[in-house]
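Under my numbering, think of the first position of the sequence shown as 10, with each following residue one higher.
We treat Cβ as the ideally placed atom computed from N, Cα and C, and that holds for glycine.
These numbers were taken from a predicted model, which means no experiment stands behind them.
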Amino acid sequence: MRKIKTKGIIIAENNMGDFDKMLTMLTPGLGKINCAAKGARKTRSFLLGSTQFLCFGDYLLYGGNGSYNINSCETIEMFYDIRTDLDKLRYAVHITKIINDITTENQNSYKILQLFLNTLYVITYRDVNLDFLLSIFKIKLLSTIGYRPIIDKCANCKKTCELNYFSIFYNGFLCSECSNIDKSKIQINDNIKIAIKYIIDSDSKKIYSFDIPNEDKKILEIIATLYFNQKLEKEYKLEDLF
Ligand SMILES: [Zn+2]
């Protein structure tokens, strides 16, 4: 059996037998993997904390080819404050479900993991508008996984001025002249244009450090929701936890 040291975060956990757990972990190099944690539910197990949902740490694994066992873990961050705030937990669970959906084994997941961790840090340690955070997360995630919208020119005629609309159907900005080609286009002002460009072009550590007026947040949320659901071909809805 191969010995592997990797950073990872637990994105799903299921009980197995009386004392064991089957975990889903997102790692930078191995992608999303399933790991068994033997004895992790015994009260004295040294794996008790480090095999919990959203625990991020340095893991020592044995195995390979889709079958791994956790040997030990040095915890880096537990995101404890998310667990004690139901609203934060609800958004964190939703974001984690999305991450679980879009990742696979043997996929280089470094950038996705970086975005996911930065998002969890902001949810945990900052007092932010969580709907706004979710919109930013969705736009950044889409551009990270290959659905970067066209934002430097009109997606139809390539003109670079009067880009006053966002089109889900044409994958990006549309100029005023071309706006008639898409009946469901969304009108955007300079704040929203700059926000979308900033989210896409900035390092994921910086994307949550700007603000726009509340009415613009609403429009950004509509764009993020529609574009996200269309590209991933799924109706993602924030669900109640209980
Ligand atoms: Zn145009």
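- Less than 7 Å divides the Cβ of P37 from the Cβ of Y119.
- Here DSSP, grouped into helix, strand and coil, assigns F65 to strand.
- Look at the stretch 84-111 and you find these whole runs of alpha helix (DSSP H), each 4 residues long or longer: 89-92 and 95-111.
- Beta bridge pairing from DSSP links L183 with Y174.
- For E186, the CB falls within less than 6 Å of some heavy atom of ligand 1.
- L95 is classed as exposed because its beta carbon has fewer than 16 other beta carbons within 10 Å across all chains shown.
- Taking all protein chains in view, the Cβ of G26 is surrounded by fewer than 16 other Cβ atoms within 10 Å, so the residue is classified as exposed.
- The beta carbons of F146 and K226 sit no closer together than 7 Å.
- With 16 or more other CB atoms across the displayed protein chains lying within 10 angstroms of its CB, Y77 is buried.
- For the 7 Å CB-CB criterion, R11 and G73 form a contact.
- Within the chosen limit of 6 Å, ligand 1 reaches the beta carbon of N165 through at least one heavy atom.
- Taking 7 Å as the cut-off, the beta carbon of F55 is found no closer than this to the beta carbon of I85.
- For E22, the enclosing beta strand (DSSP E) has its first and last residue at K12 to M25.
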